[in-house]
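Under the numbering used here, the first residue of the sequence shown is numbered 964, with each subsequent residue one higher. The beta-carbon is built from N, C-alpha and C at its ideal position, and this holds for glycine as well.
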Amino acid sequence: MKTKSKKSKKGFTLIELVVVIAILGILAAILVPVISGFIETANQATDNANARLIYQSVAMWFAANNSAGSSEFPAELEPYMGSTTYPTVKSQTFAGAFVASVDVTGKISVSTGKATYDSSIGKLVVGTAATTAGGS
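In structure tokens:
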């Protein structure tokens, strides 16, 4: 009499592996946009902090010099900003490069290619020309 040997059922079937891969794909499709949204929010916060730093540095420079200036500030702002170059803009929302100026009335302007720093709210605002007079 022949005896049947039991087959070892170790491991996963192909169907089980395909189901797991499909579930992982669905999770990745959901999480990637969420994570990239967090990254953009963090980049915007960094840009707002950098714009505030530049604005405050220009205000201190203006208080000490009381004269108009332009985007050639970085070398003159080094004692106030701690750097001879402006930080880079990280957010895609505010794309461009930081530019700062003070006009003859003392109005300070800090902007990127798409946004201007509004000192009343402490943030970069897209598509406006918000500036503050008096260097404060």
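**Request:** Flag this pair as touching only if the segment 983 to 1000 and the segment 1036 to 1045 have three or more C-beta atom pairs under 8 Å; answer yes or no.
**Result:** no
**Beta-bridge pairing of Gly1087 - partner residues as DSSP gives them** = Looking at the sequence provided, one finds Leu at residue 1087 rather than Gly. For Leu1087, which the question treats as bridged, DSSP gives the partners Tyr1080.
**Other residues of its chain near Val1073: CB distance less than 6 Å, five sequence neighbours each side excluded** = Ala1014, Ile1017, Tyr1018, Ala1063, Tyr1080
**Asked** In terms of residues, what are the limits of the alpha helix (DSSP H) holding Ser1020?
**Response** 977 to 1028
**Asked** Helix, strand or coil: how does DSSP classify Ser1060 here?
**Response** In the sequence as presented, Ser is not what sits at residue 1060; that position holds Ala. DSSP places Ala1060 in strand when its eight states are reduced to three.
**Item:** Alpha carbon of Gly988 to alpha carbon of Gln1007, nearest angstrom
**Value:** 29 Å
**Message:** Measuring alpha carbon to alpha carbon, tell me which residue in Ala985, Ser1030, Val1089 is nearest Gln1055.
**Reply:** Val1089
**Message:** Relative to the C-alpha of Glu1003, which candidate in Thr1075, Val1052, Ser1020 has its C-alpha closest?
**Reply:** Val1052
**Prompt:** When you compare only the Cα positions, how much space is there between Gly1069 and Gly1000?
**Reply:** 37 Å
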